[in-house]
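Enquirer:
There are 2 protein chains.
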Amino acid sequence: MAKKEKTAITPTRQENYPGWYQQVVKAADLAENSEVRGCMVIKPWGYGIWENIQRTLDDKFKATGHVNAYFPLFIPKSYFEKEAEHVEGFAKECAVVTHSRLEDDGHGGLKPAGKLTEELIVRPTSETIIGASFAKWVSSYRDLPLLINQWANVVRWELRTRLFLRTTEFLWQEGHTVHASSQEAQDETMMILKLYADFAREYLAMPVIEGRKTESEKFPGAEATYTFEAMMQDKKALQAGTSHFLGQKFAKASNIKFQSKEGVEEFAWTTSWGVTTRLIGALIMTHGDDNGVVLPPRIAPVHVVVVPIYRNEEEQKTVMAFVQELEDALKDMRYHERALQVKVDDRDLRGGEKVWEWIKKGVPVRLEVGPRDVAAASVFMGRRDMEPRQKSGMKMTDFVENVTGILDEIQNNIFKKAETFMNENIISMDDHDVFCDYFTPKNAENPEIHGGFALAHWCGDASCEENVKKDLKVTIRCIPLAQEAEEGRCIVCGKPSTKRVIYAKSY
Amino acid sequence: MAKKEKTAITPTRQENYPGWYQQVVKAADLAENSEVRGCMVIKPWGYGIWENIQRTLDDKFKATGHVNAYFPLFIPKSYFEKEAEHVEGFAKECAVVTHSRLEDDGHGGLKPAGKLTEELIVRPTSETIIGASFAKWVSSYRDLPLLINQWANVVRWELRTRLFLRTTEFLWQEGHTVHASSQEAQDETMMILKLYADFAREYLAMPVIEGRKTESEKFPGAEATYTFEAMMQDKKALQAGTSHFLGQKFAKASNIKFQSKEGVEEFAWTTSWGVTTRLIGALIMTHGDDNGVVLPPRIAPVHVVVVPIYRNEEEQKTVMAFVQELEDALKDMRYHERALQVKVDDRDLRGGEKVWEWIKKGVPVRLEVGPRDVAAASVFMGRRDMEPRQKSGMKMTDFVENVTGILDEIQNNIFKKAETFMNENIISMDDHDVFCDYFTPKNAENPEIHGGFALAHWCGDASCEENVKKDLKVTIRCIPLAQEAEEGRCIVCGKPSTKRVIYAKSY
Chain A
142 MAKKEKTAIT PTRQENYPGW YQQVVKAADL AENSEVRGCM VIKPWGYGIW
192 ENIQRTLDDK FKATGHVNAY FPLFIPKSYF EKEAEHVEGF AKECAVVTHS
242 RLEDDGHGGL KPAGKLTEEL IVRPTSETII GASFAKWVSS YRDLPLLINQ
292 WANVVRWELR TRLFLRTTEF LWQEGHTVHA SSQEAQDETM MILKLYADFA
342 REYLAMPVIE GRKTESEKFP GAEATYTFEA MMQDKKALQA GTSHFLGQKF
392 AKASNIKFQS KEGVEEFAWT TSWGVTTRLI GALIMTHGDD NGVVLPPRIA
442 PVHVVVVPIY RNEEEQKTVM AFVQELEDAL KDMRYHERAL QVKVDDRDLR
492 GGEKVWEWIK KGVPVRLEVG PRDVAAASVF MGRRDMEPRQ KSGMKMTDFV
542 ENVTGILDEI QNNIFKKAET FMNENIISMD DHDVFCDYFT PKNAENPEIH
592 GGFALAHWCG DASCEENVKK DLKVTIRCIP LAQEAEEGRC IVCGKPSTKR
642 VIYAKSY
Chain B
142 MAKKEKTAIT PTRQENYPGW YQQVVKAADL AENSEVRGCM VIKPWGYGIW
192 ENIQRTLDDK FKATGHVNAY FPLFIPKSYF EKEAEHVEGF AKECAVVTHS
242 RLEDDGHGGL KPAGKLTEEL IVRPTSETII GASFAKWVSS YRDLPLLINQ
292 WANVVRWELR TRLFLRTTEF LWQEGHTVHA SSQEAQDETM MILKLYADFA
342 REYLAMPVIE GRKTESEKFP GAEATYTFEA MMQDKKALQA GTSHFLGQKF
392 AKASNIKFQS KEGVEEFAWT TSWGVTTRLI GALIMTHGDD NGVVLPPRIA
442 PVHVVVVPIY RNEEEQKTVM AFVQELEDAL KDMRYHERAL QVKVDDRDLR
492 GGEKVWEWIK KGVPVRLEVG PRDVAAASVF MGRRDMEPRQ KSGMKMTDFV
542 ENVTGILDEI QNNIFKKAET FMNENIISMD DHDVFCDYFT PKNAENPEIH
592 GGFALAHWCG DASCEENVKK DLKVTIRCIP LAQEAEEGRC IVCGKPSTKR
642 VIYAKSY
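So, in structure tokens, the structure goes:
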């Protein structure tokens, strides 16, 4: 057996994928569990990634005519009950506020008091509370389309939680729009789906598959849910975000009506769509390696980290003067749509310790600068898309001249790597036995490792969907949009089918 | 009696100040009450102001070494009980989560289920929950200072609410920092106070008085609370934000300890500080007039609104071509730290209706462009710091050349106007009878109208403070920092005093 190379993260992805994930989040200082059940603390490095996701998406929403607003955290129970499917979907996992103060319990502690006449639900999503406002805001076709977005926290009481992937409280944006026709609302739904998928590819360097959810997987109360699904390195699917066409269901529940150009009063057509802090989990699992996180430059809080190396005060003086020069040269530069973010790590720690910390955190470019580099007016560069020990020296001026090109190269490399991985692990298949074998773990020690995504026919019956879920723990992730009609037979029951769907295990 | 000039807002400030405020918020489309008790909906125009406040302050926090993070919405009851003064300050007004789901109540409705073993409090402020994380993050002097900020929603159950000024849920930022010494923590407290006050003056065009709160007015659990107070146009004070030196109280409650350079384990020193969506209320009441909101250009969501005026399709074509030219000329310009925000209002409404809408919303510069303006290559400009009918024509090219200068002039004018108003209404006084008369409303029809701020001596006794509060509804807003020691006598009891304080009625 070959000697195992030492990695910064134990266990490795191969050894134990969920364990690896947990250790990466910790090693990169992204987030931690709080003592509040299922709620996470997003630490500065994790939050910095979220801030970049926010700013980028926010600019794109505004460029497509949306504006931000803010609606109440609490939803009266009666609002919630208005849309039957909706309430059924969320009632089992919502935090309920029943009292408005605490008072002395007579035993040195406090007990809830001020019982509310109507319980309040901490929003798991805001269709019903936003709908109540929209009903007041919309009265004529002139008020439409109404294109609103909200950045907020939401709460869904989860039993099994995992940092970023599934937490009781999470951060998200939720778009809510109102339109005068079904077609306009459907166009908005698809426009946003494309905006999301492009963002995933271009910024998160994450290849995704756009598709429609089946009836059983759609948002509670929606007419149609569209999703973009990504493949993690354990070959499981992760739903990265959704865009819903709500038809007139929520407009009817909230009474959102408008007078048409022809003077007829009609119910409006609505959409809603969102992405969450889960994207950070997706980012980690798409690009991370056995040394930690690998961040796409376009979303990294820091693009270039500079680690000065010296052994004494004299060396420190020379090195820091040079580092200052380097910092000045990079100061007003931009990378893509943001200012270039350069960080000089002059903490009182060993150089190697610092370098490894930044590898684990996933910073795209590391520069080490020691006295010999200063003498040669050079920097020693490590790239996060390459092996930790694969470093190269270059003139400082050359680095400054090429830095944006280097960052683009890293962005492209990690996207291509993820794209190749995904493409290699989507298998088109038509045989039931092959299908079953594909989803059966081969490695008893690590049951997470299985085949990948299967692109196979489905007859459209909910029972076939239900059967694979029960037998193989596999669900239909989506009906991909990019496909031609094709005659075939359902991989589960053998009945005729015209479309292939993505079957996969999932988060 | 002179004929009253028609105003866009009824009642006027003189007639009924609280009524005027309510109407301005509505007319400018800033926010509305939701059907959830005490919770507001922040509409796009109001939220746009908040976004500019956020971006500006966020940049300033980052420039002074702070980073953002995110902590749980819920605080376990037991955390809350750790700091005695703190819990006493907030127990009477907190939303309590007691259940984690809803279930069928057997009568077609839903009832709370899944009772929690420990109740959760929706954060009214986060010292205790953040302290629990900090206790894990800090172990050595090398980890200090720890400089964290959070943008979040908080809940304080208020009985009487007013949009922006006092709502059950509001948005804010809360800074939380940890230091190795009392001096460092005090320096941070004062640095942030100055950052806030400078921001208020330079961006919100709002003159403020920086000072220290008395013992009875300080934050529950703080060693010292510093405030910056602004004067509204009804001459009442508004606490615009606070910065707290927490000493070691919260460090002891949360067990935040560190090993000093000398190897000794010590409790850390902490601070916290925040401003809220209340600033928008302050902005309205500082600058607003009887025609609506007046926005300082540096914080306005739109700097220049262009209203095309035409009567037929032909005119429309000519006018819109010219407006497009104007828009192109302004497109890549910047004002202060942001891109110049220009909005062309081409909605299908009468020109006069649109112009008045933008006046009410407080946009700094309005341009009206009709066929005659196009013929002369001119624009017709109205400025929000002047009377609505006081408009002036100028060459379009001259406008483009001078637009940033015009915006600066508006910014300065509204600051100076507010500063003059405040200075004229702070009276230094030493006579008890004059003091009482000053705070007694002169106008029976409008009891809001009284003297203003009194700068008078206070002996330091809580009983004197309590007496003026009871007798005159006046509180000590702060002990101003900018003053020399001076011998005098307490305006309430006549005992010797060395300092003057600001007495005022307040929000």
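Those protein sequences? They're chains A and B, same order as listed.
Add 141 to a position in the first sequence, counting from 1, and you land on the number used in the numbering used here.
Add 141 to a position in the second sequence, counting from 1, and you land on the number used in the numbering used here.
Heads up, the beta-carbon is just placed ideally off N, CA and C, and yes, glycines get one too.
(1) Taking the continuous beta strand (DSSP E) assigned at N174(A), which residues delimit it?
(2) Please go through the segment 369-452 of chain A and give each complete beta strand (DSSP E) segment of 3 or more residues, from N-terminal end onward.
(3) Say whether the segment 460-477 of chain A touches the segment 198-218 of chain A, bearing in mind that this needs 3 or more beta-carbon pairs closer than 8 Å, one atom from each stretch.
(4) Between which two residues does the alpha helix (DSSP H) carrying L490(B) extend?
(5) I think G433(B) touches G503(B), with their Cβ atoms under 8 Å apart; what is that distance to the nearest whole Å?
(6) For E260(B), which residues in chain A fall below 7 Å Cβ to Cβ?
(7) Less than 9 Å between the beta carbons of A276(A) and W497(A), yes or no?
(8) Does any residue of chain A have a CB that is nearer than 9 Å to the CB of K558(B)?
(9) Between E125(B) and T266(B), what straight-line distance do the alpha-carbon atoms span, to the nearest angstrom?
(10) Determine, using beta carbons only, whether F463(A) and D431(A) come nearer to each other than 9 Å.
(11) What residue does the beta strand (DSSP E) around H240(A) start on, and which one ends it?
(12) CB-CB under 7 Å to R242(A), same chain, minus the five flanking residues each way: which ones, in chain order?
(13) At a Cβ threshold of 9 Å, is S241(B) touching chain A?
(14) Where do the N-terminal and C-terminal ends of the beta strand (DSSP E) with K640(A) fall, by residue?
(15) Which residues in chain A sit within 8 Å of V237(B), going by Cβ to Cβ distance?
(16) From the DSSP output, which residues share a beta bridge with Q291(B)?
(17) Starting from A273(B), find everything on chain A with Cβ-Cβ shorter than 8 Å and list it in chain order.
(18) Could you check which residue in D246(B), L345(B), A232(B) and N290(B) has the C-alpha nearest to that of N193(B)?
(19) Taking just the CA atoms, how far does E229(A) sit from Q291(B)?
(20) Would you identify the three-state DSSP class for I551(B), choosing helix, strand or coil?
(21) Report the residue from D473(B), D489(B) and K501(B) whose alpha carbon sits nearest the alpha carbon of E454(B).
(22) Is the CB of W497(A) under 9 Å away from at least one CB in chain B?
(23) Which residues, in order along the segment 214-235 of chain A, keep a beta-carbon less than 9 Å from a beta-carbon of chain B?
(24) With DSSP as the reference, identify every bridge partner of K252(B), one or two as the case may be.
(25) Take K614(B) as the anchor and find which of R303(B), A273(B) and Y579(B) has the nearest alpha-carbon.
(26) Count the other CB atoms, across all protein chains shown, that sit within 10 Å of the CB of H248(B); report buried if there are 16 or more and exposed otherwise.
(27) Does E260(B) come out as helix, strand or coil in the three-state DSSP assignment?
(28) Give the secondary structure of P213(B) by DSSP, where H, G and I count as helix, E and B as strand, and everything else as coil.
(29) Residues of chain B with a CB under 8 Å from the CB of E192(A): which are they?
(30) Closer than 9 Å, CB to CB, is A653(A) near chain B or not?
(31) Please state whether the Cβ-Cβ distance between Q380(A) and R178(A) is less than 9 Å.
(32) Would G493(B) pass as an interface residue toward chain A - the criterion being a Cβ-Cβ separation below 9 Å?
(33) Quick one: Cα of G492(A) to Cα of E509(A), how far?
(34) Which value, in whole angstroms, describes the spacing of the CA atoms of V575(A) and A378(A)?
(35) Could you spell out the range, first to last residue, of the alpha helix (DSSP H) harbouring R178(B)?
(36) What residues in the segment 306-327 of chain B bring their beta carbon closer than 7 Å to a beta carbon of chain A?
Expert: With the given structure in hand:
(1) Taken as a continuous stretch (DSSP letters only), the beta strand (DSSP E) holding N174(A) covers A172 to N174.
(2) With a minimum length of 3 residues, the continuous beta strand (DSSP E) runs that stay inside the segment 369-452 of chain A are 378-388, 398-400, 406-408, 410-417 and 445-449.
(3) Contact fails between the segment 460-477 of chain A and the segment 198-218 of chain A, because fewer than three Cβ pairs, one in each stretch, are under 8 Å apart.
(4) First-last for L490(B): undefined, no H or E at that position.
(5) Going by Cβ atoms, the distance from G433(B) to G503(B) rounds to 6 Å, so yes, they are a contact pair.
(6) Those are P253, listed as they occur along chain A.
(7) No, Cβ-Cβ distance for A276(A) and W497(A) is not below 9 Å.
(8) It does not; no Cβ of chain A falls within 9 Å.
(9) Because residue 125(B) is not part of the residues shown, which for chain B are 142 to 648, the question remains open.
(10) No, these two residues do not count as a Cβ contact at 9 Å.
(11) Judged by DSSP secondary structure, H240(A) falls within the beta strand (DSSP E) whose first and last residues are V237 to D245.
(12) In the same chain as R242(A), and ignoring 5 residues on each side of it, the C-beta atoms closer than 7 Å to its own belong to A254 and G255, in chain order.
(13) At least one chain A Cβ lies under 9 Å of S241(B).
(14) Note, K640(A): premise wrong, no beta strand (DSSP E); not H, not E.
(15) Correct list: V238, T239, H240, S241, R242, L243 and P253.
(16) Beta-bridge annotation (DSSP): Q291(B) is paired with E315(B).
(17) What A273(B) touches in chain A: S175 and E176.
(18) Closest option to N193(B), Cα to Cα, is L345(B).
(19) Cα to Cα, the separation comes out at about 34 Å.
(20) In the displayed model, I551(B) falls within a helix according to three-state DSSP.
(21) Comparing Cα positions, the closest option is D489(B).
(22) Residue contact with chain B for W497(A): absent (no Cβ-Cβ distance below 9 Å to any residue of chain B).
(23) Per Cβ criterion, the list reads L214, F215, I216, P217, K218, S219, Y220, F221, E222, V228, F231, A232, K233, E234 and C235.
(24) Per the DSSP secondary-structure output, K252(B) pairs in a beta bridge with E244(B).
(25) Closest option to K614(B), Cα to Cα, is Y579(B).
(26) If you draw a 10 Å sphere on the C-beta of H248(B), you find fewer than 16 other C-beta atoms in it, and that means exposed.
(27) Judged by DSSP in its simplified three-state form, E260(B) adopts strand.
(28) DSSP places P213(B) in coil when its eight states are reduced to three.
(29) Scanning chain B for C-beta atoms nearer than 8 Å to the C-beta of E192(A) yields N209, reported in chain order.
(30) Residue 653(A) lies beyond the stretch modelled for chain A, which goes from 142 to 648, so this question has no answer here.
(31) The Cβ atoms of Q380(A) and R178(A) lie no closer than 9 Å to each other.
(32) False, the Cβ-Cβ gap to chain A never drops below 9 Å.
(33) Between G492(A) and E509(A), the C-alpha separation is close to 8 Å.
(34) Rounded to whole angstroms, V575(A) to A378(A) spans 19 Å at the Cα level.
(35) No residue range can be given for R178(B), since it is assigned to no alpha helix (DSSP H) and is classified by DSSP as neither H nor E.
(36) Cβ contacts with chain A: E310 and L312.
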